[in-house]
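To start, the structure under review is shown below, and the notes come after it.
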Amino acid sequence: MAWEHEVVAFNTATESTNRMHDDAVAATFGFRGGLVPGVDVWAYLTRPCVDRWGVEFLERGTMEARFLLPVYDGEVVVSRLDDDGALTATGPDGTVRAQGRASVGDLPSVRDLATAEVPDPVPPVEAALLAPGTVLGTLRFHHRAAPARQYLADVREDSDVYEGGAIAHPGFLARQANYVLSSSVRLGPWIHVSTRAHHRGTVRDGELVEVRGVVTDEREHKGHRFVDLDVEVTADGRPVWSASHTAIWRPRQDRA
2 MAWEHEVVAF
12 NTATESTNRM
22 HDDAVAATFG
32 FRGGLVPGVD
42 VWAYLTRPCV
52 DRWGVEFLER
62 GTMEARFLLP
72 VYDGEVVVSR
82 LDDDGALTAT
92 GPDGTVRAQG
102 RASVGDLPSV
112 RDLATAEVPD
122 PVPPVEAALL
132 APGTVLGTLR
142 FHHRAAPARQ
152 YLADVREDSD
162 VYEGGAIAHP
172 GFLARQANYV
182 LSSSVRLGPW
192 IHVSTRAHHR
202 GTVRDGELVE
212 VRGVVTDERE
222 HKGHRFVDLD
232 VEVTADGRPV
242 WSASHTAIWR
252 PRQDRA
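Sequential numbering of the sequence shown, starting at 2, is according to the working numbering.
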């Protein structure tokens, strides 16, 4: 048996400071348009997981995904979860844009990452600021159902599991992994590569959300500069989401 969900992709980030989501800038890197954010493709991938396991996926689900090819605004994307846990997002041309795995079961312990202040002003990125062990600025905010409803609309999510925004979407939590990085260093155009996440509980309307991050690696590969993060999210002090998150913080085309 397989669980599938079809969505018309929407680029939520055309006004983002990450100009890789802008058509003109993305074209200079060889793409045919602005990239739909990887964390939104991640959100699409969570849907068949929720269809299969319901709220249990949000409480003790593991999901990993690697983003292989771009998704563009307006493309029809099919997310599929096979019975064995294999997970894919396929574009209208039949190419696999993202792939990974999902499961439900016991989760590893959280690391209880350190906290730090968000820098002000935010410094321009350089490799030295992403040295392994660097603690990123901690984000804090209250989850609110009203803006969460707009998020659900933006990622084309209509599952009843989220109670109209009263429960935070796991794609929204994945988005915080981007924000904890971009709030600590001022990035140029950059690309989300992969995430492996453990869903540990639900975030509900009014709860205080805290996002912690620490750099675990920074390296060069084939001309790109990569950064790996560990990220932990709590709601009113309870662990609700943790992940290993990888991005290309400086693509090779941007090394002038």
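Backbone N, C-alpha and C define an ideal beta-carbon position, used for all residues, glycine too.
The straight-line gap separating the alpha-carbon atoms of ASP113 and VAL156 is approximately 30 Å. In the three-state scheme derived from DSSP, where H, G and I count as helix and E and B as strand, ARG20 is classed as helix. The shortest C-alpha to C-alpha distance from PRO93 to any of SER104, VAL105, SER80 is the one to SER80. The alpha-carbon separation between VAL210 and ASP231 amounts to approximately 17 Å. Excluding the 5 residues flanking it on each side, LEU174 has same chain C-beta neighbours closer than 6 Å at VAL234, TRP242, in chain order. Residue range 171-183 is occupied by the alpha helix (DSSP H) that includes VAL181. Per the C-alpha coordinates, the member of VAL111, ALA178, GLY138, PHE11 positioned closest to THR247 is ALA178. Annotation: VAL56 to SER160 spans about 11 Å, alpha carbon to alpha carbon. Straight-line spacing of the CA atoms in ARG226 and ARG98 works out to 22 Å. Counted as a single uninterrupted DSSP element, the alpha helix (DSSP H) harbouring THR47 occupies residues 39-54. Fewer than three Cβ pairs drawn from the region 123-137 and the region 9-26 lie within less than 8 Å of each other, which leaves the two stretches out of contact. Of the other Cβ atoms in all chains shown, 16 or more fall within 10 Å of the Cβ of MET64; this residue is therefore buried.
Counting along the chain, no beta strand (DSSP E) covers GLN254, and no H or E run does either. Rounded to the nearest whole angstrom, the C-alpha separation of THR15 and ASP84 is 36 Å. The residues ARG48, PRO49, SER80, in chain order, have a CB closer than 6 Å to that of HIS6 in the same chain once the five nearest residues on each side in sequence are set aside.
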